[in-house]
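Now the structure itself:
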């Protein structure tokens, strides 16, 4: 493609709306434009990347036995009501009515549609297993769409659904997908990590996420350098260190006056004891009921673990008015002693002796509090976020943390949707059985953004060769010099003939502008035709991720490029 | 692909909901399933056909200089208001609101989005021409979705938009697209015709439709066998025959009692004079005003021509109550003489002498009425549908009619949208100029259905090779016979190695079932491995559109298949 014909409107300024680097670069490099909050038009360069990602995904899905279909975006309200998710989904689902006042959703996911489809077509155990997938727009009405393609309202997903006879069949399908996903991210050329994940609202009992590593990632991964353990911090188990529980040294509980001391830091300063010897008490409303959660002052609550322990649908922090009415004290003076709401205690709190906590009376705290003696929690469970330095639940070594972007997620669903939508097959004994399902998603547009988030430098994007919009860009330094133009045209045609995807920058721009654009849009290989090298009948070849400039004989350039593409 | 693994749930019964053959066959052959009225899931076989159509379209668009992008389906209300089409589009547009109560449309077309995009990125005459296209779902909330993919509510379109400096540039872009469209339908292997078309609500001043010929087609094409003229009946001009106007023989107008005579046929029987000597008077409401239309009793009104002549936005037939109130007579007794509403007369009525028409008094008619003498119309214009036997407006020979399915439509838009959305470029003199636009659509999913509508027989679909889901199906007659299975497997692997798309029917079904399915799903080439031919080391090769069965030496089958694919 000649650059003069190619629609890639680059920008010199960093758009003010863009907070993260992928968002900035995709706008600046002319890959996309916003049409409304969280909704984008993909320009030609971005679409080429998307198609390459899609093709790699498609090939691996097909190889794993998946069959591609295409389901509707507009999905009838009835089947969402049948599964119970019409009301559960809340404001995140775009809804509309047709001219006959029938309700529809813009599909955020397709379990309802595909389970209904499969129910109609699968009758016998002979029809299973079945792996069906699609690549298609999905919709989520985010409160605050942001970060460009990372958290959009219209985005492209691959979603595969597996249908099996039983849990053993599901295991096989799940492993196939796990393997296929690894093959995909290997081929995409991205640094990634597979982590154990929480299954969330979608249900099910085993789940892994595929994380592209990037400092700006929204997800925190805890992992072990000794063994293979890696998990989303939302899921990662916090074990207790192997050291023995402390020797009993319980002292008498004392009520102390703590005027104006509300935060853990206040109390650290006031009492002179570290945050790890304080207790913080958080108040939540779980399905309408007020509950208290206690954990060490230096720890973070993990709401997903709490939700799983509470087995509730709806969970949010209580407001101070509600709390004060029930507990007669405000935030900052709450504590488990004498509290008249159920207490959920993090595991670690059991190990603490003589800790400090609120006295449920404004401006008073207790010290030397001890669990069991001074109060009894409803449940003691793992409720906090894992942190670097925690011990690996598998091998006991210290854990590390790293940030990542969730680009893929695989789930075992079991019979959640087949039960709700009555999808059964007849087994060999003539008995009806629920179909056992799994679902497997990849964010296609998010993977594009994640690639940019991981692969960039101060000058722009650095596309991995497998998904670069073009593999090569040829820049004649001076477009007015016939010999340069001729040499550039020669290489352009030869490379095209070899099936290489190449841009010839034939624009009447200064060389500096062309180099800047080439770096910004991130083409992996740059061939420069300049006066000096041309005199020696050579071209300059440079890799986008490398500072080195190779001088290559004109006759060898094509082969050099082909070899580089092959070997990367 | 092995048939045992392939998801193509065929049906023996014709689904009662399906009125036309493509709808019936696509359901029966397991190509698609309905999820709600006018909304379908494409199963693996259909998706393969769609992808092939898309690829042919994409290749020709790229060849013509088009650049592929991907625009959003959810489009903000503001830009539709800016173009004036938010209200104009009426009930056919799906609308929704997001959680912040902002309005969106599900895009029925993308002029607003792309004009806004181009306005933001195109600044100079040097940036034009620009041809951008996408392949993407479109939405139309049909009152009565029907005919399967022919008139769906969610469907797949290719839409290209051209942006040029001036009308001359638009001519060039338009011709490129015209040529590309012909290349596409040639490659698809369908019988089609290019016809002149009305530009309709989308605006503009030149327009062609690409029609796949089929008896069930909703569109009527009039065409000339002598010259190249062909037009949609909605658009086709009706010339007057070259014969001289009749000699003046006007007789005295007479009022006659016609009790109970209301239709043209009634009057033919009652007066003994043919329908071509009667006048029918139709009453319409155009933008709120009552108007009368008169044309020969044997002709059909063309509402599109009428709308164009009236230059109105809104046109519908008046109800009898409205008419009676204004004209003091009911339908069947109306006529132009003494009528107190504006009269729009079809061209032909000027040639008539001494005709019969209603007297604007129930149960009375006039005879020997003459235009000019007895009444004066507001406008005399071409207002009727062309018919077989009319004269060609180009060469004067008689016209023929044939039915077709509109699958492509190209328009010159001019500056309609660039004016509304203020999309300009700066010309060489530093002056701002409106960008001149064209738009060019192809119904991808509709083309799939049109192909089936045109290519089928009593046994099923007959896919053209270029878009068949698979090119070859291999059927071992008896799956229990090792030698047949072995020979079938051998051919299967050899063909796959040659890049042929092949199904091996390895199912444990009777041969009859396999043959029936192969015919139903319409695979172009069938290779049968039967006991008799196998004894001679031969296979039977049959084309789906041909009764002949060829016996081909086993060693020659692959080459025979490759040759057939190449030559068709």
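Protein chains in written order, with our numbering: chain A, 1 to 568; chain B, 1 to 568. For glycine and all other residues, C-beta sits at the position ideal for the given N, C-alpha and C.
Anticipated Cβ contact below 8 angstroms, residue i with residue j, distance rounded
i: residue 454(A); j: residue 190(A); result: 6 angstroms
i: residue 18(B); j: residue 148(B); result: 6 angstroms
i: residue 351(A); j: residue 240(A); result: 7 angstroms
i: residue 346(A); j: residue 403(A); result: With 8 angstroms as the limit, residue 346(A) and residue 403(A) do not qualify as a contact, their Cβ atoms being about 24 angstroms apart.
i: residue 210(A); j: residue 185(A); result: 6 angstroms
CB contact below 8 angstroms: residue i versus chain B
i: residue 98(A); result: yes
i: residue 71(A); result: yes
i: residue 9(A); result: yes
i: residue 95(A); result: yes
i: residue 40(A); result: yes
i: residue 16(A); result: no
i: residue 130(A); result: yes
i: residue 232(A); result: no
Spatial neighbours of residue i in its chain, beta-carbon cut-off 6 angstroms, leaving aside the 5 residues before and after
i: residue 233(A); result: 220, 222, 385, 386
i: residue 439(B); result: 161, 411, 413
i: residue 501(A); result: 470, 471
i: residue 285(A); result: 316, 318
i: residue 441(B); result: 157, 159, 409
i: residue 235(B); result: 196, 197, 198
i: residue 35(A); result: 41
i: residue 336(B); result: 294, 343, 375
i: residue 519(B); result: 459, 460
Same chain, Cβ closer than 8 angstroms to residue i, neighbours up to 5 away in sequence not counted
i: residue 122(A); result: 128, 130, 163, 423, 425, 435
i: residue 573(B); result: This structure gives no information on residue 573(B), because the portion of chain B shown stretches from 1 to 568.
i: residue 487(A); result: 476, 529, 534, 539, 554
Residue-level contact to chain A via CB, residue i, 8 angstroms cutoff
i: residue 141(B); result: yes
i: residue 76(B); result: yes
i: residue 68(B); result: yes
i: residue 202(B); result: Only weak support exists for where residue 202(B) lies, its pLDDT of 49 falling under 50; the value from the coordinates is given anyway. Closer than 8 angstroms: no.
i: residue 120(B); result: yes
i: residue 399(B); result: no
i: residue 88(B); result: no
i: residue 163(B); result: no
i: residue 154(B); result: yes
i: residue 240(B); result: no
i: residue 55(B); result: no
i: residue 33(B); result: yes
i: residue 113(B); result: yes
i: residue 448(B); result: no
i: residue 36(B); result: yes
i: residue 572(B); result: Outside the shown range of chain B (1 to 568) lies residue 572(B), about which nothing can therefore be said.
Per DSSP, the bridge partner or partners of residue i
i: residue 346(A); result: 381(A)
i: residue 437(A); result: 163(A), 414(A)
i: residue 336(B); result: Paired residues: none, contrary to the question.
i: residue 39(B); result: 36(B)
i: residue 70(A); result: 42(B)
i: residue 527(A); result: 474(A), 541(A)
i: residue 232(B); result: 221(B)
i: residue 290(B); result: 285(B)
i: residue 578(A); result: The first residue shown for chain A is 1 and the last is 568, placing residue 578(A) beyond what the model contains.
Cβ-based neighbour list, residue i, same chain, cut-off 7 angstroms, excluding 5 preceding and 5 following
i: residue 255(A); result: 359, 364, 366
i: residue 349(B); result: 279, 294, 295, 296, 371
Secondary structure, alpha helix (DSSP H): runs of 4+ residues fully inside the segment 131-194 of chain B | Taking only runs of at least 4 residues, the alpha helix (DSSP H) segments lying wholly in the segment 131-194 of chain B are 167-188.
Where are the beta strand (DSSP E) runs, 3 residues long or more, that stay fully inside the segment 436-490 of chain A, in chain order?
-> Look at the segment 436-490 of chain A and you find these whole runs of beta strand (DSSP E), each 3 residues long or longer: 436-443, 472-476.
Tell me the start and end of each unbroken beta strand (DSSP E) in the segment 63-114 of chain A that is at least 3 residues and wholly inside, in chain order.
-> Fully enclosed beta strand (DSSP E) runs of 3 or longer: 74-76, 95-97, 103-106.
Taking only runs that begin and end inside the segment 206-230 of chain A, name each unbroken beta strand (DSSP E) of 3 or more residues, in chain order.
-> Counting only runs of 3 or more, we get 206-213, 219-224.
Whole beta strand (DSSP E) runs in the segment 5-31 of chain A with 3 or more residues, listed along the chain?
-> Complete beta strand (DSSP E) runs here, min 3: none at all.
Any alpha helix (DSSP H) of 4 or more consecutive residues that is wholly inside the segment 232-282 of chain B | You should have 264-271.
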